[in-house]
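K.L.:
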Amino acid sequence: ELTSTFLKNVDLWSKSAPLSLSIEPRSVSWEDDIRSFVDQINTFVHQEIMKHFTDLVMHRSFLIDRLKKIFTGQRKDEVCSWWLYWIEKKADEYLVGKGYKHTALPANYTDQPPDNIEDVKNNLNLLQKIMKMKNEEEEKEGEAKKELEDLKAFVEETTVAVYITLDRLVEEMQFAKDKEWEEVEMGLENIVEKGMSQLIADYEYLLKMKEMDKELKERKKGEEEGKGIQMTSVVPVSGLVMARFHIYECECQTALDIWDVQNKASSEEDKSEISEESDKKQGEEKERNILGRSRSMSDGGGGETGSF
Numbered sequence: 103e104l105t106s107t108f109l110k111n112v113d114l115w116s117k118s119a120p121l122s123l124s125i126e127p128r129s130v131s132w133e134d135d136i137r138s139f140v141d142q143i144n145t146f147v148h149q150e151i152m153k154h155f156t157d158l159v160m161h162r163s164f165l166i167d168r169l170k171k172i173f174t175g176q177r178k179d180e181v182c183s184w185w186l187y188w189i190e191k192k193a194d195e196y197l198v199g200k201g202y203k204h205t206a207l208p209a210n211y212t213d214q215p216p217d218n219i220e221d222v223k224n225n226l227n228l229l230q231k232i233m234k235m236k237n238e239e240e241e242k243e244g245e246a247k248k249e250l251e252d253l254k255a256f257v258e259e260t261t262v263a264v265y266i267t268l269d270r271l272v273e274e275m276q277f278a279k280d281k282e283w284e285e286v287e288m289g290l291e292n293i294v295e296k297g298m299s300q301l302i303a304d305y306e307y308l309l310k311m312k313e314m315d316k317e318l319k320e321r322k323k324g325e326e327e328g329k330g331i332q333m334t335s336v337v338p339v340s341g342l343v344m345a346r347f348h349i350y351e352c353e354c355q356t357a358l359d360i361w362d363v364q365n366k367a368s369s370e371e372d373k374s375e376i377s378e379e380s381d382k383k384q385g386e387e388k389e390r391n392i393l394g395r396s397r398s399m400s401d402g403g404g405g406e407t408g409s410f
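In structure tokens, the structure reads:
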């Protein structure tokens, strides 16, 4: 009906319009173009509606899938696995730049000795130096100051990169937690009921983690000097970065404890010397006690018994 009315108006207008408003040779062609367009309006509208409908269906399917992953914890696990991989990757790159040899330890280093024990020792010295720099952040000079600033910059850059992804996860968790999607029928009632409490706990953990990273950053800048960090079970991202170095440090130390024969022999010799010295001191002490008792008995006179 709309099309018919439109065409009638076009006919009336084209017949009544002054010739000066149209060029005669073009008027018929123009009229045909309008009629052709109007004839296809329903098709155009249908195609556009179907395009938007398809987009909505795909978006709804994606939203349902993402909400399921959030409420079951799968989404959190995916992001956690990524950020642990990212931290390990960046830590490895940093260490290699400092001369660390990742091939120094075999994968089964507790059962197989390293090819070169000196490489393991050098790695351990580097790691201990890094951990010491982190723990002793007093004013340094020259090369030591440069190395400390380099370490701080690395930790900061890695932490910032992790939070680019982590902040998106927090936003998704808040969206799910606050049920901003409830107006759309999702069929997720059972999953939401089972997973809501854990979702809230994970959400609060991530917020606390970011708050701690912020506090640590401010302390380094001297903005909160004298204010202590509250002890919690939450580990900030910057702490995870340093933890990667500590893990490598422990691995190197364990390998040396097992395979560094020279060091073990020296250690056993030291223990033997300490044991001999201890035995000698105990013997001397025992001898002094016996002599002391003998003197006490002799000084007591006659048949009287001396005091021990």
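Number 266 in the working numbering belongs to position 164 of the sequence shown; there are no gaps in the numbering. Just so you know, even glycine gets a beta-carbon here, dropped at the ideal spot from N, CA and C. Bear in mind the structure is a predicted one, so any value in this text is a computation, not a measurement.
Does the Cβ of ASN210 have 16 or more other Cβ atoms within 10 Å, making it buried, or fewer, making it exposed?
P.N.:
Exposed: under 16 other Cβ atoms inside 10 Å.
K.L.:
According to the Cβ coordinates, are ASP315 and TYR265 closer than 9 Å?
P.N.:
The answer is yes: Cβ separation under 9 Å.
K.L.:
Which residue marks the beginning of the alpha helix (DSSP H) containing GLY341, and which one marks its end?
P.N.:
339-361 is the extent of the alpha helix (DSSP H) around GLY341.
K.L.:
Do LEU169 and LEU268 have their C-beta atoms within less than 9 Å of each other?
P.N.:
No.
K.L.:
Helix, strand or coil, according to DSSP, for MET314 in the structure here?
P.N.:
It is helical.
K.L.:
From GLU325 to GLN300, what does the alpha carbon distance come to, in whole angstroms?
P.N.:
Any reading at GLU325 must be qualified, since the residue scores a pLDDT of 48, below 50, and its modelled position is unreliable; the value itself is stated next. Cα to Cα, GLU325 sits roughly 34 Å from GLN300.
K.L.:
Pick out whichever of ASP213, GLN149, ASP141, LYS203 has its Cα sitting closest to the Cα of ASP359.
P.N.:
ASP359 has its Cα closest to that of ASP213, out of ASP213, GLN149, ASP141, LYS203.
K.L.:
If you draw a straight line from the alpha carbon of MET311 to that of VAL222, how long is it in whole angstroms?
P.N.:
Cα to Cα, the separation comes out at about 34 Å.
K.L.:
By alpha-carbon positions, which one of SER163, ILE349, GLU320, TYR307 ends up nearest to SER335?
P.N.:
For SER335, the nearest C-alpha among the options comes from TYR307.
K.L.:
Using the three-state DSSP reduction, which class does ALA209 fall into: helix, strand or coil?
P.N.:
In this structure, ALA209 counts as coil in the three-state DSSP scheme.
K.L.:
If we cut at 9 Å on Cβ distances, does ALA206 have a partner in chain B?
P.N.:
This model lacks chain B altogether; it includes just one protein chain.
K.L.:
If I measure Cβ to Cβ from GLY328 and keep anything under 8 Å in the same chain, skipping five residues before and after, which residues do I get?
P.N.:
For GLY328, the predicted structure reports a pLDDT of 49, less than 50, and the residue's modelled location is therefore unreliable. A value from the coordinates is still provided. Cβ within range, chain order: n/a, list empty.
K.L.:
Going by other Cβ atoms of all chains shown within 10 Å of its Cβ, with 16 needed for buried, is ASP141 buried or exposed?
P.N.:
Exposed: under 16 other Cβ atoms inside 10 Å.
K.L.:
Excluding five sequence neighbours on each side, which residues of the same chain lie with their C-beta closer than 8 Å to the C-beta of ILE125?
P.N.:
Reliability fails at ILE125, whose pLDDT of 49 lies under 50, so the model's placement of it is uncertain and no value is given.
K.L.:
Need the endpoints of the alpha helix (DSSP H) that TYR196 sits in, please.
P.N.:
176-199 is the extent of the alpha helix (DSSP H) around TYR196.
K.L.:
Quick check on the DSSP output: the alpha helix (DSSP H) that includes VAL257 runs from which residue to which?
P.N.:
That run of the alpha helix (DSSP H) goes 244-279.
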